[in-house]
Amino acid sequence: MHWHEGIDDGPVLNIASSPAATIRVQAGPGTGKSLGLMRRIARLLEEGIRPDKILLVTFTRVSARDLEKELMELAHPEVVGIRKGTLHSFCLSLLNQANVLAFTARIPRPLLSFEERFLLEDLRLYDGFGTYYERRRRLKAFEAAWAKLHNQEPGWPQDAVDRRFQGNLNEWFQFHRSILIGELVPLALSYLRLNPSCPELNLFDHVLVDEYQDLNRAEQALIDSISSHGNLIIVGDEDQSIYENFRYAHPEGISKFDEAHEGTVDIPLDTSRRCPSGIVEIANSLIQNNLRRTGRVLEHLSENVGGDIHLIQWGSMHEEAEGIATYIISKIDSNEFDPGKTLVLCPRRQFGYLIRDILRNRGYSAHSFFHEEALDGNPKVINECSAQEAFTLLNLSVNHDDRVSLRCWLGFGSRSLRVSEYERLREYCSNQNRSPRDALDLILNNELTIQYTTGIVQRYRELQQRLDAISGLSFSEKLDYLFPSDEEWAAPFRLIIDEYQNNQDLSEVLELIRTSIIQPELPRDVPYVRIMSLHKSKGLNADHVIVCGCIEGLLPSRQSGLSFEEMQRYIEEQRRLFYVAITRAKRTLVMSSVSSLPRELAHKIGATIQGGDRHNGNTITSSFISELGASCPQSIRGQDWEY
């Protein structure tokens with residue numbers, strides 16, 4: 041179909057036809073923003089704009105892949121020439137083309153989340169950087185170009201402690217030949233600001249940005265730079281900003297966009313084509329509890345009436361899993377539910393795994409998407425970091441000189457992560473211009489002595505033994521050695537590997553696991569029930585959505601070390617996350633909670649418990665449920681649920 045054929049889509053069509061140079065599209069959930077973006081691009085191509093002069097960027101890799109797929113569905117011969125992808129991938133390309141990384145001696149080896157822990161622990165040797173959580177916040181502020189507050193402009197640190205922190209960070213990265221993914225944007229922004237005559241500032245005539253509310257101030261400033269000589273259209277929704285606490289995302293960037301961009305033309309998309317009236321009503325009631333928003337109200341199509349909404353409480357996680365699985369099965373058997381259009385969202389993977397396993401044991405296909413949690417664990421306790429250790433061993437089997445992986449291996453199993461011992465090794469290597477591996481080999485061969493390094497030397501000796509053992513095995517034996525089939529922690533890795541059985545090389549397995557964890561695929565057209573986190577559901581929709589584990593401590597989750605103002609912002613972000621979850625539903629919405637949890641599990645996952653007995657503590661339903669308004673049905677016990 042030609043792009044402008046069919047019904048008049050009102051505001052969606054206006055995105056394509058507006059002649060304005062700067063456009064802001066504030067688009068609520070399910071209001072057709074993707075359709076509007078595609079129509080805009082089709083119009084530009086029909087007007088003769090060169091495809092390589094068009095840049096389409098978004099925040100997440102999943103969103104980028106979705107947009108690329110939708111571009112291809114335009115069936116326009118020139119869409120392949122459009123620059124598209126995440127903002128971070130664009131920055132990496134820009135920095136490589138401009139030789140910035142080469143000039144600054146930076147290696148684009150990204151740190152995974154668990155590897156950042158070792159970086160932050162190493163930085164505790166320096167005075168003034170505070171507790172672990174304070175160092176972590178400084179690291180996220182560094183990635184946001186030090187725009188920690190929403191009235192700050194991104195740039196270089198003004199505070200003396202922040203400047204020392206950045207200097208020590210850069211030393212660590214240079215020694216370990218690594219980089220943070222989030223660091224790419226500040227590096228690119230600095231390059232563009234310091235080189236106003238560079239050709240990269242004139243690459244594009246049209247810049248289109250999706251999920252603008254998830255960008256931090258540095259990323260939004262970068263967008264301003266690369267669109268300064270062209271046209272800009274941003275699309276997003278302040279009520280769906282869910283990365284503020286995690287990475288200083290700046291939701292005010294879209295709500296106050298017009299204040300910083302004179303002549304902005306607004307095209308609001310406030311009518312949800314997706315959600316029925318009942319779900320729109322409770323979503324509005326929920327999000328209106330956020331004080332830092334503009335007061336926009338989501339509408340529904342006149343034909344999207346009702347909606348099947350349930351609020352259920354169970355006695356335990358196992359009762360919840362059994363009850364929810366039985367509910368899904370009964371609806372599938374009666375042809376009311378299509379498995380591929382059923383989505384189960386859980387604040388922690390433990391809830392999802394129980395439901396998945398029950399469905400599978402009863403012969404129903406279900407897949408969970410918690411790969412990003414596969415590398416969770418406490419690296420200070422050897423029995424609690426088996427997944428991290430196995431992945432690191434795989435990495436060192438493929439890349440013997442990977443300094444980040446070696447650093448992690450040397451610290452596993454120590455309450456201090458052997459920070460002081462490792463610092464002595466690093467100091468020697470820096471002074472003698474040697475690699476850590478060379479120095480450790482010399483120590484094992486009795487050709488070098490570095491005092492007080494017994495722990496890391498023993499760990500290195502064990503590494504050599506493990507690598508020697510692996511080298512003599514067949515490919516399948518190597519996989520069994522690294523990820524034993526009888527270990528629970530290895531199950532996510534086995535699932536990833538088993539999906540791609542054609543790989544016959546450890547380097548391929550490493551890349552497969554890394555991609556699956558960092559860039560997980562979230563297929564849409566599937567024949568099975570999908571189970572995932574609330575964060576991961578962003579951008580998805582389903583006929584039937586079930587949100588489990590709706591209890592205090594998980595929704596909202598707890599965050600320590602925050603000031604009163606920071607806590608209020610965090611609660612508002614958690615409320616936006618719940619808003620995102622419930623607005624995925626097109627027909628059915630179930631919100632489920634439990635009244636008790638095992639004490640050990642509750643402590644592990646951060647759930648709030650009180651009273652109870654020696655083994656189990658009592659929980660309470662999420663306070664967000666009480667904010668859903670009068671139209672939300674009353675909560676009932678699982679055993680009384682009639683469906």
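Our numbering applies: residue 41 is where the sequence shown begins, and numbers increase by one.
In this text, a Cβ means the ideal position worked out from N, Cα and C, and glycines have one as well.
### Message
To the nearest angstrom, how far is the alpha carbon of alanine 138 from that of glycine 335?
### Response
43 angstroms
### Query
Can you tell me whether DSSP reads lysine 93 as helix, strand or coil?
Annotated three-state conformation of lysine 93 is helix, per DSSP.
### Query
So, helix, strand or coil for isoleucine 47, using DSSP?
At isoleucine 47, the pLDDT of 37 sits below 50, so the modelled position is not reliable; the number obtained from the coordinates is stated separately. In this structure, isoleucine 47 counts as coil in the three-state DSSP scheme.
### Query
Can you tell me whether glutamate 211 is buried or exposed, with buried defined as 16 or more other CB within 10 angstroms of its CB?
exposed
### Message
Let's test the definition: count the other Cβ atoms within 10 Å of the Cβ of cysteine 238 and tell me whether it reaches 16, buried, or not, exposed.
### Response
exposed
### Cβ shell of arginine 287 (< 8 angstroms), same chain only, five flanking positions each side left out
Excluding residues within five positions, the ones whose Cβ falls inside 8 angstroms are Lys180, Glu183, Ala184, Gly222 and Asn256.
### Query
So what does DSSP say about threonine 382, is it helix, strand or coil?
Three-state DSSP puts threonine 382 in a strand.
### Query
Just curious, the alpha helix (DSSP H) that tryptophan 449 is in, first and last residue?
Its alpha helix (DSSP H) spans residues 443 to 451.
#### Entry: CA-to-CA distance, alanine 104 to glycine 276, given in whole angstroms
14 angstroms
### Query
Does the region 388 to 398 touch the region 349 to 367, meaning 3 or more C-beta pairs lie closer than 8 angstroms?
yes
### Query
How many angstroms separate the CA atom of isoleucine 319 from the CA atom of isoleucine 645?
Approximately 29 angstroms, taken between the alpha carbons.
### Task
Spatial neighbours of asparagine 418 within its chain, please: CB distance less than 7 angstroms, with the 5 preceding and 5 following residues excluded, ordered by chain position.
Glu424 and Cys425
### Query
Can you tell which of Glu113, Leu141 and Ser218 has its C-alpha closest to the C-alpha of proline 150?
Ser218
### Message
Quick check on the burial criterion: 16 or more other C-beta atoms within 10 angstroms. Buried or exposed for glycine 346?
### Response
exposed
### Query
Can you give the beta carbon distance from leucine 351 to serine 675, rounded, assuming they're within the 8 angstroms contact cut?
4 angstroms
### Task
Count the other C-beta atoms from every protein chain shown that fall within 10 angstroms of the C-beta of methionine 41, then say buried if there are 16 or more, exposed otherwise.
Note that methionine 41 scores a pLDDT of 36, beneath 50, so its modelled location is shaky and nothing firm can be said.
### Task
Under 8 angstroms Cβ to Cβ from valine 497, same chain only, skipping five residues before and after it: list those, please.
Annotation for valine 497: Leu480, Ile483 and Leu484 place their beta carbon closer than 8 angstroms to its own, counting only its chain and skipping 5 residues before and after.
### Message
For a test of the three-state rule: what should DSSP assign to proline 3, helix, strand or coil?
### Response
No statement about residue 3 is possible, as the shown extent of the chain runs from 41 to 683 and does not include it.
### Message
For aspartate 48 and cysteine 315, I'd like the C-alpha separation in whole angstroms.
### Response
At aspartate 48 the pLDDT is 45, less than 50, meaning the model places this residue with poor confidence; the figure from the coordinates comes in the next sentence. Their Cα atoms are separated by approximately 20 angstroms.
### Query
What's the gap between the Cα of leucine 552 and the Cα of arginine 506?
22 angstroms
### Query
Between the region 90 to 102 and the region 245 to 255, do at least 3 Cβ pairs fall closer than 8 angstroms?
yes
### Query
On the premise that alanine 430 lies in contact with isoleucine 571, defined as a C-beta separation below 8 angstroms, what is that separation, rounded to the nearest angstrom?
So it is not a contact: roughly 24 angstroms between Cβ atoms.
### Task
Report the three-state DSSP secondary structure of leucine 234 (helix, strand or coil).
The answer is helix: DSSP assigns leucine 234 an H, G or I state.
### Secondary structure of histidine 350, DSSP reduced to three states
strand
#### Entry: Per DSSP, cross-strand counterpart(s) of glycine 125
Val97
### Query
If you draw a straight line from the alpha carbon of leucine 165 to that of threonine 171, how long is it in whole angstroms?
11 angstroms
### Query
Exposed or buried, valine 52, counting other C-beta atoms within 10 Å across all chains shown (16 or more means buried)?
buried
### Message
For threonine 62 and leucine 241, which I take to be in contact (beta-carbon distance under 8 angstroms), what is that distance rounded to the nearest angstrom?
### Response
Not really, about 17 angstroms apart at Cβ, beyond 8 angstroms.
### Close Cβ partners of arginine 233 (< 6 angstroms) along its chain, the five nearest in sequence each way excluded
none
### Message
In whole angstroms, give me the CA-to-CA distance for isoleucine 55 and glycine 121.
### Response
21 angstroms
### Query
Cβ of alanine 427 within 8 angstroms of Cβ of leucine 415?
yes
### Message
Restricting to Cα atoms, I'd like to know which of Ile81, Glu284, Arg333 and Lys578 is closest to proline 59.
### Response
Ile81
### Query
With distances taken between CB atoms, is the gap from serine 374 to asparagine 344 smaller than 8 angstroms?
no
### Task
Return helix, strand or coil for threonine 366, following the three-state DSSP convention.
helix
### Task
Can you give me the start and stop residues for the alpha helix (DSSP H) that leucine 399 sits inside?
389 to 401 is the span of the alpha helix (DSSP H), which, as asked, contains leucine 399.
### Task
Return the CA-CA distance between glutamate 463 and threonine 432, expressed in angstroms with no decimal places.
Whole-angstrom Cα-Cα distance: 20 angstroms.
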